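A quick write-up on the structure given underneath.
Okay, structure coming up:
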């Protein structure tokens with residue numbers, strides 16, 4: 049369900065949503081509320097393409113904040129991806145508001161973890177970010193660790209992306 053092919057000499061409106069069939073770009077149809085009207089989308093994965101029918105279901109935003117953590121490492125875990133969904137994570141952030149610390153960000157299934165980013169804050173209240181694209185399947189989750197917190201540090205971590213319903 050796409051509109052006619054876009055003429056490259058004309059620009060779309062700022063809210064025009066574009067999609068590609070691999071050879072050309074098209075304006076995608078949206079309803080009056082701006083919801084994408086598509087039946088099947090192919091999303092580039094890590095090693096191949098995810099070629100199954102699915103559709104946007106909801107935004108993904110998960111946040112954890114603790115005022116006055118105990119000394120040691122602070123762990124933030126997103127909820128696991130439920131059956132029938134794929135989560136597309138595009139941004140992570142974390143901060144220790146009191147002391148510059150090393151922050152590790154990754155994804156995994158609870159047994160195996162894959163690091164996406166590890167950085168040390170240059171100053172207190174300096175956010176560390178990861179921006180990219182990672183697809184999470186059923187049971188996968190995001191893990192953010194702020195290492196070596198001092199007693200009573202205030203910490204925060206966030207995950208952004210969107211949830212896709214999958215029909216098998």
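Residue numbers (my numbering): 49 to 216.
A virtual CB, placed ideally from N, CA and C, is assigned to each residue, including glycine.
Bear in mind the structure is a predicted one, so any value in this text is a computation, not a measurement.
Output needed for residue i: all residues of its chain with C-beta closer than 6 angstroms, excluding positions within five of it in sequence on either side, in chain order.
{"i": "residue 193", "result": "121, 123, 152"}
{"i": "residue 94", "result": "Model confidence at residue 94 stands at a pLDDT of 44, short of 50, so the residue's coordinates are unreliable; what they give is reported in the following sentence. Hits under 6 angstroms: none found."}
{"i": "residue 178", "result": "140, 153, 164, 165"}
{"i": "residue 204", "result": "113, 143"}
{"i": "residue 125", "result": "189, 191"}
{"i": "residue 111", "result": "206"}
How should residue i be labelled, buried or exposed, when 16 other C-beta atoms within 10 angstroms of its C-beta is the threshold for buried?
{"i": "residue 144", "result": "buried"}
{"i": "residue 188", "result": "buried"}
{"i": "residue 191", "result": "buried"}
{"i": "residue 115", "result": "exposed"}
{"i": "residue 180", "result": "exposed"}
Name the two residues that bound the continuous beta strand (DSSP E) containing residue i.
{"i": "residue 181", "result": "176-184"}
{"i": "residue 190", "result": "189-197"}
{"i": "residue 201", "result": "201-214"}
{"i": "residue 169", "result": "Segment: none, residue 169 is in no beta strand (DSSP E) and carries neither H nor E."}
{"i": "residue 122", "result": "120-125"}
{"i": "residue 132", "result": "First-last for residue 132: undefined, no H or E at that position."}
{"i": "residue 150", "result": "150-156"}
Using a threshold of 6 angstroms, is the CB atom of residue i nearer than that to any non-hydrogen atom of the ligand PLP?
{"i": "residue 132", "result": "The ligand PLP is absent from the structure shown, which contains no ligand whatsoever."}
I need the straight-line Cα distance from residue i to residue j, nearest angstrom please.
{"i": "residue 133", "j": "residue 212", "result": "5 angstroms"}
{"i": "residue 165", "j": "residue 118", "result": "24 angstroms"}
{"i": "residue 113", "j": "residue 80", "result": "36 angstroms"}
{"i": "residue 198", "j": "residue 109", "result": "27 angstroms"}
{"i": "residue 186", "j": "residue 156", "result": "11 angstroms"}
{"i": "residue 182", "j": "residue 202", "result": "28 angstroms"}
{"i": "residue 162", "j": "residue 128", "result": "15 angstroms"}
{"i": "residue 149", "j": "residue 196", "result": "7 angstroms"}
{"i": "residue 200", "j": "residue 159", "result": "30 angstroms"}
{"i": "residue 176", "j": "residue 131", "result": "31 angstroms"}
Report all residues from its chain with a CB closer than 7 angstroms to the CB of residue i; omit the five preceding and five following residues, and keep chain order.
{"i": "residue 208", "result": "108, 109, 138, 139"}
{"i": "residue 147", "result": "172, 198, 201"}
Please go through the same chain and pick out, in chain order, the residues whose beta-carbon is closer than 8 angstroms to the beta-carbon of residue i, but skip the five residues on each side of it.
{"i": "residue 106", "result": "210, 211"}
{"i": "residue 167", "result": "150, 151, 176"}
Segment contact flag, the stretch 167-174 with the stretch 126-138, C-beta cutoff 8 angstroms, min 3 pairs: Look at the beta carbons and you see the stretch 167-174 not touching the stretch 126-138: under three pairs across the two are nearer than 8 angstroms.
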